[in-house]
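In our numbering, the protein residues as written are 58 to 129.
Below, the structure is given as structure tokens:
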């Protein structure tokens with residue numbers, strides 16, 4: 058929940074928040090990214106207007122993980 062909130066508030070600092078969460082909890086970055094994706098898609102809906110299929114969770118988690126690793 059903290060990671061998803063950080064992404065909404067300021068995605069530029071998201072990787073730093075995820076890094077802190079990982080070091081505090083020991084939860085893998087990929088797991089934090091996947092759970093963040095689940096929260097975000099549930100909050101805003103899985104589909105956007107004009108789009109029939111949502112992004113598969115593993116691809117979105119990979120994108121979030123890429124953001125996390127590129128900003129550290």
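We put the beta carbon where it would ideally sit given N, CA and C, even for glycine.
Note that the C-beta distance between residue 63 and residue 74 is below 7 Å. Between the alpha carbons of residue 94 and residue 80 lies a gap of roughly 20 Å. In this structure, the beta-carbon distance from residue 89 to residue 78 falls below 7 Å. When the Cα atoms are used, residue 82 and residue 100 turn out to be separated by approximately 24 Å.
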